[in-house]
Amino acid sequence: MEALKRGLTAQRIWQDLRTDHGFAESYQSVQRFVRRLRTARPLPFRRMECEPGAEAQIDFGTGAVIVPVDLSQPNGKTRRRKTHVLRVLLSHSRKAYSEVVYRQTTEEFIRCIENAFHHFGARPRRWSSTT
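Sequential numbering of the sequence shown, starting at 7, is according to our numbering.
Right, here's the structure in full:
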């Protein structure tokens, strides 16, 4: 990539790779790779600026399946449990809070949001969903 930024051709890049690194592949493979890099377009995005404390983004995602051991049962009986992750991201600072829960209920949601308030030491003026 750096060689392309310096304006080197595919031919020159191939020669340098052979000389400096013992590259044994064909010139055509380098040429195809360089062509792909030159035509690649970065994904467009729009940066959203906001004041400190103005906004937080919130989302529930699927977490890993865990296998907790129930020590109260004989032989440490286990069962698989699906988890969910609540993620709160402050839009200005990009500071985040995550919490794993087993259920996506209103009670769990409110509890997680209160925990996020305590974690950040404040609450944002506006919430937005990332979905």
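Glycine included, every Cβ here is placed at the ideal spot set by N, Cα and C.
Residue interval of the beta strand (DSSP E) (run including residue i)
i, result
"F66", "E61 to T68"
"A102", "A102 to V107"
"V40", "Where V40 is concerned, there is no enclosing beta strand (DSSP E), although the alpha helix (DSSP H) it sits in stretches over Y33 to T45."
"R93", "H90 to L96"
"R132", "R132 to S135"
Under 8 Å between C-beta atoms of residue i and residue j
i, j, result
"V107", "H90", "yes"
"G67", "R86", "no"
"Q63", "S134", "yes"
"E61", "P130", "yes"
Residue range of the alpha helix (DSSP H) that includes residue i
i, result
"L23", "A16 to H27"
"T112", "T112 to F126"
"L10", "E8 to K11"
Exposure label - residue i; buried when at least 16 CB within 10 Å
i, result
"A122", "buried"
"P50", "exposed"
"S99", "exposed"
"A46", "exposed"
"S35", "exposed"
"L96", "buried"
Candidates the options, of which the one nearest residue i by Cα
i, options, result
"L43", "G28, G13 and D22", "G13"
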